[in-house]
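Counted from 1, the sequence shown has number 100 at position 100 by full-length UniProt numbering; the numbering is strictly sequential.
For glycine and all other residues, C-beta sits at the position ideal for the given N, C-alpha and C.
Fair warning: this is a prediction, and the values are worked out from it, not measured in the lab.
Here the structure is laid out as structure tokens; the discussion comes afterwards.
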Amino acid sequence: MDRRLPRQARVRVRADFDRVFSEGRRTGTPLLALHLLRDGQPARLGLTVSRKVDRRAVGRNRIKRALREEFRALRDRLPPAAYVVVARHAAATATRVALREAFHDALRRAGALPAPEAGVTMPAASPVHVPTPRPSGE
1 MDRRLPRQAR VRVRADFDRV FSEGRRTGTP LLALHLLRDG QPARLGLTVS
51 RKVDRRAVGR NRIKRALREE FRALRDRLPP AAYVVVARHA AATATRVALR
101 EAFHDALRRA GALPAPEAGV TMPAASPVHV PTPRPSGE
């Protein structure tokens, strides 16, 4: 199975990156910055992970793989726009889960994903039977 993002789902050309950086809206988290340009084209992703983030290519590629995988899962739910993610230095030591959460947080801040339900951090668990205490003296 081919897990690559199709060409139309990627920001590839330098001019497109420059346009997103100059005309788009920026939001950030400690791990990454998200530049969003609502241009009416289908949702597409651009990634920037410099050597300042991680000097080793394997580390930079790990960050990009995690973000690409999450974008692939969310792509159908995202509004049409160009999404350019710039990894920050803290992303080099972040776990895959932390990168995923930071990406979701940045998308929510940018208005591309709805906010989670208030006061709910996890879905409801299946009901658990809790025995009622018996009155004393019986």
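Three-state class that DSSP yields for valine 84 in the structure shown: In this structure, valine 84 counts as strand in the three-state DSSP scheme.
With respect to the beta strand (DSSP E) encompassing histidine 35, which residues constitute its N-terminal and C-terminal limits? 32 to 37
Threonine 27 versus proline 135 - alpha carbon distance: If you take the alpha carbons of threonine 27 and proline 135, they lie about 57 Å apart.
Would you mind sorting histidine 89 into buried or exposed? The rule is 16 or more other CB atoms within 10 Å of its CB. Histidine 89 is exposed by the Cβ-count criterion.
Burial state of alanine 82, where buried means 16 or more other Cβ atoms lie within 10 Å: buried
Terminal residues of the alpha helix (DSSP H) in which leucine 99 lies: 96 to 110
Anticipated Cβ contact below 8 Å, valine 11 with arginine 44, distance rounded: 5 Å
Using only the alpha-carbon positions, how far apart do isoleucine 63 and arginine 75 sit? Going by the C-alpha atoms only, they are around 18 Å apart.
Does DSSP classify glycine 40 as helix, strand or coil? coil
Contacting residues, own chain, Cβ-Cβ under 6 Å from threonine 29 (five flanking each side not counted): For threonine 29, the CB contacts under 6 Å within the same chain, skipping 5 residues up- and downstream, are Ala102, Asp105, Ala106 in chain order.
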